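Chemist: Can you keep this structure in mind? I'll have questions shortly.
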Amino acid sequence: MARSHSFFSPAETASGTTLAELSLAMLLISILVGLSFPNIRHLNALAQSTLTLQRLSKAVESAKVSAISSGEIVTLCGSEDSRSCQGKWSEGVLSFIDRNGNRELDNIDQPLNWQSMKDIEGVISWKAFGNRQYLLMDPQGMMGTQNGSFTYCTEEADHSFAVQLVINRTARTRMRRDLDPLDYCHN
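This is the structure we're talking about:
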C-alpha cells in the first residue's frame, strides 16, 4: 500500500503564536512598563538630589583644603559666570583666594575653581546666619561663626526629594533628608 506524502500530516501541529496571544503579551508588557515608569522617575529624582549635594560637599571640601594649604581666606559663592558672586547657587559655584577679604573676585584675588550647576533640575539655595550668600574659609579651614545649609528643591510639584547639606563651623557636611519641603521649598 502506498503511503501518501504531504507537507502537513494530521498528527503534526504547527507551533506558533496567534495574533491574540501576541496582543495579550504586548498589553502585559505595556502595563508593566507603565507601572514601572513612576519608579524610574522616583529613582532619577533621588539620584539627582544626592549627586547635587555631593557636588556641593566636594566644593566646600575643596575650598577648605585650599584655605589650609594656601594659608589664606577662601571664599565660596554662587556664580553664574565664573567671574563674580551673584548668589545664584543653581547656576554655579565659584571659589577663590580672597586676598582683600571683600568676598568679591578682584584682580588681586586668585580664582580656584568654578563648577557649573546649570545641569541640575531644581533650585539650590544657601541659608546662613546674617543671610550672607557666601562661605568664608579661614586659613585653619574653619568657617568662623558662619554655619548654614544648602537646600536642594526638585522641580517636582510637591518637592518630595528636597534635601539639605548642613555645614557646621568646621566645614564638615552632612546630608539631611528628613525635612518638610513646605518649610524650605517655595515655587
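Letter 51 of the sequence shown, counting from 1, is numbered 51 in UniProt numbering, and no numbers are missing.
In this text, a Cβ means the ideal position worked out from N, Cα and C, and glycines have one as well.
For clarity, every value in this text was computed on a predicted model and none was experimentally measured.
Distance, Cα to Cα, ASN44 vs PHE161?
Modeler: By 1-based counting over the sequence shown, the position of residue 44 is 44. By 1-based counting over the sequence shown, the position of residue 161 is 161. Those two C-alpha atoms are separated by around 10 Å.
Chemist: Do ILE73 and ILE108 have their C-beta atoms within less than 9 Å of each other?
Modeler: Indexing the sequence shown from 1 puts residue 73 at position 73. Indexing the sequence shown from 1 puts residue 108 at position 108. Their beta carbons are not under 9 Å apart, which means ILE73 does not touch ILE108 by this criterion.
Chemist: What does the alpha-carbon distance come out to for the pair ARG174 and LEU27?
Modeler: Locating residue 174 in the sequence shown gives position 174, counting from the first residue. Locating residue 27 in the sequence shown gives position 27, counting from the first residue. Going from the Cα of ARG174 to the Cα of LEU27 covers about 46 Å.
Chemist: If you follow the beta strand (DSSP E) that MET175 is part of, which residue opens it and which one closes it?
Modeler: Numbered from its first residue, the sequence shown carries residue 175 at position 175. That run of the beta strand (DSSP E) goes 173-176.
Chemist: With a CB to CB cut of under 6 Å and the five nearest residues on each side skipped, what residues in its chain are close to GLY87?
Modeler: Within the sequence shown, numbered from 1, the residue matching residue 87 stands at position 87. Once the five neighbours on either side are set aside, the close Cβ partners of GLY87 are GLY78, GLN133.
Chemist: Who are the near neighbours of PHE129 in its chain, counting only those whose CB is closer than 8 Å to its CB and skipping five residues on each side?
Modeler: Stepping through the sequence shown from its first residue, residue 129 is reached at position 129. Closer than 8 Å at Cβ, skipping near neighbours: THR145, GLN146, ASN147, GLY148.
Chemist: Would you check if there are 3 or more beta carbon pairs closer than 8 Å linking the region 52-72 to the region 108-119?
Modeler: These segments touch.
Chemist: With DSSP collapsed to three states, give me the class of GLY34.
Modeler: As a first step, residue 34 is located in the sequence shown; it is residue number 34 there, counting from the start. It is helical.
Chemist: Whole angstroms is fine: what's the gap from TRP89's alpha carbon to ASN131's?
Modeler: To locate residue 89, count along the sequence shown from 1; it is residue 89. To locate residue 131, count along the sequence shown from 1; it is residue 131. The straight-line gap from Cα to Cα measures roughly 14 Å.
Chemist: Please identify the residue among GLY16, ARG55, THR151 whose C-alpha is closest to the C-alpha of ARG176.
Modeler: Mapped onto the sequence shown, residue 176 falls at position 176. Checked all of GLY16, ARG55, THR151; the closest Cα to ARG176 is THR151.
Chemist: Have a look at GLU156, TYR184, ARG103, ASP81 and flag the residue whose alpha-carbon is nearest the alpha-carbon of TRP126.
Modeler: As a working mapping, residue 126 is identified with position 126 in the sequence shown. That would be TYR184, whose Cα lies nearest to the Cα of TRP126.
Chemist: Quick one: what's got a C-beta closer than 6 Å to ALA63's C-beta in the same chain, skipping five residues either side?
Modeler: For this step, residue 63 is matched to residue 63 along the sequence shown. Hits under 6 Å: VAL74, LEU76, SER95, MET137.
Chemist: DSSP state of SER62, grouped into three classes?
Modeler: As a first step, residue 62 is located in the sequence shown; it is residue number 62 there, counting from the start. Helix, per DSSP.
Chemist: Where does ALA162 fall in DSSP's three states?
Modeler: Within the sequence shown, the letter at position 162 stands for residue 162. If DSSP states are grouped into helix, strand and coil, ALA162 belongs with coil.
Chemist: What is the DSSP secondary structure of residue 189, counted as helix, strand or coil?
Modeler: No information on residue 189 is available, as it lies outside the stretch 1 to 187 that the chain covers here.
Chemist: Beta strand (DSSP E) containing GLN115: first to last residue?
Modeler: The residue labelled residue 115 in the question sits at position 115 within the sequence shown. Where GLN115 is concerned, the enclosing beta strand (DSSP E) stretches over 110-116.
Chemist: Relative to the alpha-carbon of VAL163, which residue among ALA20, LEU22, SER57 has its alpha-carbon at the smallest distance?
Modeler: Looking up residue 163 in the sequence shown gives position 163. Per the Cα distances, SER57.
Chemist: Taking its Cβ as the centre, do 16 or more other Cβ atoms sit within 10 Å of LEU35, making it buried, or is it exposed?
Modeler: To locate residue 35, count along the sequence shown from 1; it is residue 35. That one is exposed.
Chemist: Could you give the residue range of the beta strand (DSSP E) that holds THR151?
Modeler: Here residue 151 refers to the residue found at position 151 of the sequence shown. First-last of the beta strand (DSSP E) with THR151: 148-154.
Chemist: If contacts are defined as beta-carbon pairs under 8 Å, then VAL60 and ILE167 qualify, I think. What distance do you get, rounded to the angstrom?
Modeler: For this step, residue 60 is matched to residue 60 along the sequence shown. For this step, residue 167 is matched to residue 167 along the sequence shown. So it is a contact: roughly 6 Å between Cβ atoms.
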